[in-house]
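Only one structure is covered here, and it is reproduced in the block below.
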Amino acid sequence: MKFRSRITKPVSAVLCVMALAVGAGTAAAAATDRTAQSAESKYAAQAKAVGLSSRQAAQLQDRVDAQLADIKVPAEQVAYNEIRAKDGSAIITVSVPGVANTSCTYEYLCLWTGPNWTDSKVSFYQCRDYDLNDYSFNNDTLTSYKNNQTTGTVARFYNWEGRKVYKFGSTAYHTEDSLSNTPWDNMIDIVDVC
Ligand SMILES: [Ca+2]
C-alpha cells in the first residue's frame, strides 16, 4: 500500500493537469464531433435512399473506414460509398450490394476488381503512373476496366516483376469486361493512365 500511495499522488497530479488540458480542448473537440456527426448522418441518409437498412449502412461505413485506413495517399470520404484522394487524382467507390456501379465518368480510367465492372472500383484522372496498392485497390486484383478518357488516349498496364513490365494498352474509348479472357487477369500492379 505504501508503494502504491507513493506513486498515486504524482500520478493523480498528472491526471489532474491532463483533465484541465482536455477541458480546454473540449469546445474544439465538440465542434469537430458535430461536423463528423452531420457527415455521418448525411452518409446514413444516402445509404437509406439507395435502400440499405441501418444495419447494412453501418456495415458499409465499416468497409469505407477500412478502405480509408488502407489508402496510402491523403484521402477523405465524400459520399456514403465514396472516398476521394485529396489531390483529386482518384476516386474510390466501395461496392454496395444490390447497387450497380458500372459507370465511368468521362475523362477517367476506371478499374474494377470483379468481372463486368463489379466489386471495388477506382477511377483515375491524372496522366501518370498509379501504384494500385496505394489506392486500396490491391495489386493482382484487376479484372475489368473502362477507359473513358478523351478519344485516342492510351492507358498502359504493367506487372511488377522486380521492375515495371508492360503487359497491354487500352485506347479510349475502350472497355474490357473481363481480363479472365486474357493472360493478365489478377496480375496488374501499376497503371499509366495517359
Ligand atoms: Ca502483379
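Residues -29 to -1, 1 to 165 in mature numbering (1 follows the signal peptide of the UniProt record, and there is no 0) are what the sequence shown spells out, letter by letter. Ideal placement from N, C-alpha and C gives every residue a C-beta, glycine not left out. Computed from a predicted structure; not experimentally measured.
Extent of the continuous alpha helix (DSSP H) to which residue i belongs
i	result
Val35	25 to 41
Beta-carbon separation (whole angstroms), residue i vs residue j, contact threshold 8 Å
i	j	result
Thr112	Thr84	4 Å
Lys92	Thr64	4 Å
Tyr116	Glu147	5 Å
Cys81	Ser66	That belief does not hold up - the Cβ atoms of Cys81 and Ser66 are roughly 13 Å apart, past 8 Å.
Ala18	Leu31	6 Å
Met158	Asn130	5 Å
Tyr96	Ile42	In fact, because the Cβ distance is near 16 Å, the residues do not count as touching under 8 Å.
Span of the beta strand (DSSP E) around residue i
i	result
Trp88	No beta strand (DSSP E) holds Trp88; DSSP gives it neither H nor E.
Gln48	46 to 50
Phe128	125 to 131
Ile54	53 to 56
Buried or exposed by the 16-neighbour rule on C-beta atoms within 10 Å, applied to residue i
i	result
Asn152	exposed
Val136	exposed
Ser9	exposed
Val70	exposed
Asp58	exposed
Pro154	exposed
Asn52	buried
Phe(-27)	Residue placement at Phe(-27) is flagged as unreliable, the pLDDT there being 39, under the threshold of 50; the coordinate-derived value follows with that caveat. So Phe(-27) ends up on the exposed side.
Val49	exposed
Cys98	exposed
Thr6	exposed
Arg(-24)	Below a pLDDT of 50, predicted positions are generally treated as unreliable, and Arg(-24), at 35, falls in that range; the measurement from the model is reported next regardless. With fewer than 16 Cβ atoms within 10 Å of its Cβ, Arg(-24) is classed as exposed.
Ala28	buried
Val164	buried
Thr114	buried
Interface flag, residue i vs chain C, CB-CB below 8 Å
i	result
Arg26	Of the protein chains in the structure, only one exists, and it is not chain C.
Ligand 1 site residues, beta-carbon cut 7 Å against heavy atoms: Every residue with a CB closer than 7 Å to a heavy atom of ligand 1 is listed here in chain order: Asn110, Asp111, Asn130, Trp131, Met158, Ile159, Asp160.
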